[in-house]
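In the UniProt record's numbering, the protein residues as written are 1 to 472. Built from N, CA and C at the ideal position, the CB exists for glycine as well. Have a look at the structure below before the remarks.
What follows is the structure in structure tokens.
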């Protein structure tokens, strides 16, 4: 496929291959964009931002709603594209498309809800002849830098609110999975989006990322990816607004009163979907010592049944990891844990990019599999003594994106909600739960700012204060 900049689809002699992570076949190629391409795209986006700023809210709504309808019409093709380039099983690909449609639909609705408010200036002593109100306006050019693991829906979470807010967008999809974003770009243009309102630049983030994030004409950056790359972006960005959706090693606390079979099913589903390549995958599992052995026994069978293979096979529950070196990293972290005294009680095998769903027992905080973001199909299980110990273990991380607890005890649940340092907290559910309408973002090294169209649009617009001085 070609990339889209300056109002046209363009190709380059230097290309990048898009590879199917399951069988390593080349699906397609995309241009390897350059810093010069980025500069031209931002110049075009600056013009597009002027057009978008004048576009009435209802027109923005109509464009995005039409885009959602087109996505629904092409749902099968989009799902197959996701599975082919990213590797998640086709059932998960279909689910992602439906979520993406909702994200664009929610964004369309938010375009009609942007408004200011009156400010009671007479609440200040001596102010009697001033009338104040606010106006919300677009920031201008938004840079959207997307990850590989949800190549359609996480692009929609950035592009949808940006366009709804009246901005132009520079979209940089992940180098491994650019095709879904390019197809979304086609849909948006077909839906009536002004031709310079979106620029989709393909290429290596290492080669063009700084050119995107450092340009002063870009007034807002929304990024999903690793903490290390997020830190580099923030240092390079200068004075502009940023939303950072970064890493995690999400904890799940299982209290002694939990239904073990229900917990085991939720743990397996949330630990291994998309081969564990989800920012909020369950990674660290803490079980009350009284039920620790029973939980380990309950995890074995569903983990063994969570079979890996061809993601287009309807009977397969888990596809490959995105790259072989990522699968090798997971394998090595498991080996390190075992070398330090942990036990593999299910899984632990790898063939190419396929890594089996794996449960590690007797994990400790100093192990890589507990300390860092695994982003792979393994969970690390350990025991705790009481609620104080459970909360301390959950908080023993530089990350804070999502956490879960299973309990029927309201006091324990409220302590979890108040004391666990995480942006998303789930009671009687796993950390890997998200409705696209909700505010979503992390604490600590998991980033800053919120996604969710109704919240993201606030961060993609500016507030102006207007004061009428009457009688002057």
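Assignment of residue 56 by DSSP, reduced to helix, strand and coil, places it in the coil class. Here the stretch 387 to 403 does not lie against the stretch 302 to 314, with fewer than 3 beta-carbon pairs under 8 angstroms apart. An exposed status is given to residue 468, since fewer than 16 other beta-carbon atoms sit within 10 Å of its beta-carbon.
Collapsing the DSSP output to three states places residue 31 in a strand.
Using a Cβ distance threshold of 8 angstroms, residue 428 and residue 440 do not count as a contacting pair. With contacts defined as CB atoms closer than 8 angstroms, residue 285 and residue 380 qualify as a contacting pair. Taking residue 180 as reference, the option from 318, 156, 224 with the minimal CA-CA separation is 156.
Apart from the 5 residues on each side of it in sequence, residue 185 sits with its Cβ closer than 8 angstroms to the Cβ of 4, 171, 198, 200 in its chain, given in chain order.
Take residue 69, set aside five residues on each side of it, and no residue of its chain has a beta-carbon closer than 7 angstroms to its own.
Judged by DSSP secondary structure, residue 457 falls within the alpha helix (DSSP H) whose first and last residues are 453 to 459. The continuous beta strand (DSSP E) containing residue 378 extends over residues 378 to 384. Residue 401 sits in coil when the DSSP states are folded into three classes, being neither helix nor strand.
Between residue 222 and residue 162, the alpha-carbon positions lie close to 10 angstroms from each other. Comparing alpha carbon positions, the residue from 159, 47, 109 closest to residue 451 is 159. For residue 16, the three-state secondary structure derived from DSSP is strand.
Across the set 409, 389, 116, the C-alpha of 116 shows the shortest separation from the C-alpha of residue 132. Shown here for residue 353: same chain residues with a beta carbon closer than 6 angstroms to its own, the five before and five after excluded, namely 21, 320, 321, 324, 327 in chain order.
Under a 10 Å Cβ-count criterion, residue 363 is classified as buried, with 16 or more other Cβ atoms of the shown protein chains found around its own Cβ. If you draw a straight line from the Cα of residue 401 to the Cα of residue 454, it comes to about 19 angstroms.
In the three-state reduction of the DSSP assignment, residue 323 falls in the coil class. A distance below 6 angstroms between beta-carbons, with the five flanking residues on each side excluded, links residue 457 to the following residues of its chain, in chain order: 110, 161, 164, 165. Boundaries of the alpha helix (DSSP H) around residue 418: 410 to 419. Using a Cβ-Cβ distance cut-off of 8 angstroms, the stretch 42 to 50 and the stretch 128 to 145 are in contact, since at least three pairs of beta carbons, one from each stretch, lie closer than that value. For residue 11 and residue 190, the gap between their C-alpha atoms comes out near 20 angstroms. Taken through DSSP and simplified to helix, strand or coil, residue 367 comes out as coil. Cβ contact annotation for residue 148 (same chain, cutoff 7 angstroms, sequence separation greater than five): 86, 174, 176, 177, 322, in chain order.
If you look at residue 426, you'll find it in the beta strand (DSSP E) that goes 424 to 427. In the pairwise beta carbon analysis, the stretch 292 to 305 is classified as touching the stretch 256 to 263: at least three pairs are separated by under 8 angstroms.
Here residue 443 has 400, 401, 421, 422, 423 as same chain residues with Cβ atoms under 8 angstroms from its own Cβ, once five neighbours each way along the sequence are excluded.
The stretch 212 to 228 and the stretch 95 to 114 do not touch, with fewer than three beta-carbon pairs separated by less than 8 angstroms. Burial check for residue 27: the Cβ neighbour count within 10 Å stays below 16, so the residue is exposed.
Rounded to whole angstroms, the gap between the alpha carbons of residue 43 and residue 251 is 44 angstroms. Of the residues 129, 72, 56, 128, the one whose Cα lies closest to the Cα of residue 113 is 56.
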